[in-house]
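In my numbering, the protein residues as written are 1 to 274.
Backbone N, C-alpha and C fix where the C-beta goes; we use that ideal spot for every residue, glycine too.
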Ligand code: KMH
Ligand code: ZN
């Protein structure tokens, strides 16, 4: 098995600072989180940006400041969201791609999202992919529901998505596929040949599905975007969620990837030193 790539989804778009005081809101807080999470075992950070008041933004200058702060404090692979927040236009969601992060997410289908709908129709996916190609950004395919892998294969058939890619199964969003081991196993079996994968379990499922992925040879996403609690009634910090899954991997005899090893596993170029 390859060493375990731990991604930290540190802030997301849904959780608000009054729900967890450890949520990194400013670029400086994202930089600090990146440093702590790298020390705890993370190799990649999934980035959303907030205004100082905690509201969501796709402002390119804010992403640029966050990117610089993360780079200044860590060697983590930087993966921007293109999912953004519910209600953002495709143009807003894709705008930060011009900063040419190493990776960015591509959600592979429309899905219920709580009481809302997270819109990702095929034209929107093609549009975001075209901008990724233009800026040389590697996609991570976000799979929230069973048909999303089929959509990815359709994009590949249309010649707009090269396969294999790195795939992230986001399981347990209300309205999408449940966070069960059976669902994870089914999705892994349905992967296009050669794809690497990780799992992001929502809420309490983060730890259980993460442990399963460690044992299966997949990779793991943890962090406050997907899970606010370390244990029932006890709010989490990002770095302790990273440290916990690194300890699980250690107990199971699976080494944890450094950012350099993760770049090699994912076929990304080495990080250019400034
Ligand atoms: N905030 C969700 C609507 C992503 O980052 O790529 C979408 C999301 C997915 O978080
Ligand atoms: Zn996200």
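In the displayed model, residue 56 falls within a strand according to three-state DSSP. Residue environment: residue 210 is assigned as buried (16 or more neighbouring CB atoms within 10 Å of its CB, all protein chains considered).
In this structure, residue 34 lies away from residue 4, with their beta-carbon atoms at least 8 Å apart.
Three or more Cβ pairs closer than 8 Å define a contact, and the stretch 146-162 meets that threshold against the stretch 189-197. Contact between residue 42 and residue 7 holds, since their C-beta atoms are separated by about 7 Å, short of 8 Å. Less than 8 Å separates the beta-carbon of residue 20 from that of residue 228.
Going by beta carbons, residue 60 and residue 98 fall inside the 8 Å limit. With fewer than 16 other Cβ atoms from the protein chains shown falling within 10 Å of its own Cβ, residue 87 counts as exposed. In this structure the stretch 65-73 does not touch the stretch 115-134; the number of beta carbon pairs closer than 8 Å is below three.
The residue among 139, 172 and 198 with its C-alpha nearest the C-alpha of residue 108 is 139. Per DSSP, the beta bridge partners of residue 4 are 256.
In the assembly as shown, residue 117 is an exposed residue. Its beta-carbon has fewer than 16 other beta-carbons within 10 Å. One thing to note: residue 172 has its Cβ within 8 Å of the Cβ of residue 205. In its chain, beyond the 5 residues on either side, 46, 200, 221, 223, 225 and 226 have a beta carbon closer than 7 Å to the beta carbon of residue 9. Judged by DSSP in its simplified three-state form, residue 200 adopts strand.
CA-to-CA, the gap between residue 268 and residue 257 works out to about 14 Å. Using a cutoff of 7 Å, the CB of residue 9 counts as near ligand 2, since one of the ligand's heavy atoms is closer than that. Around the Cβ of residue 55, a 10 Å sphere holds fewer than 16 other Cβ atoms; the residue is exposed.
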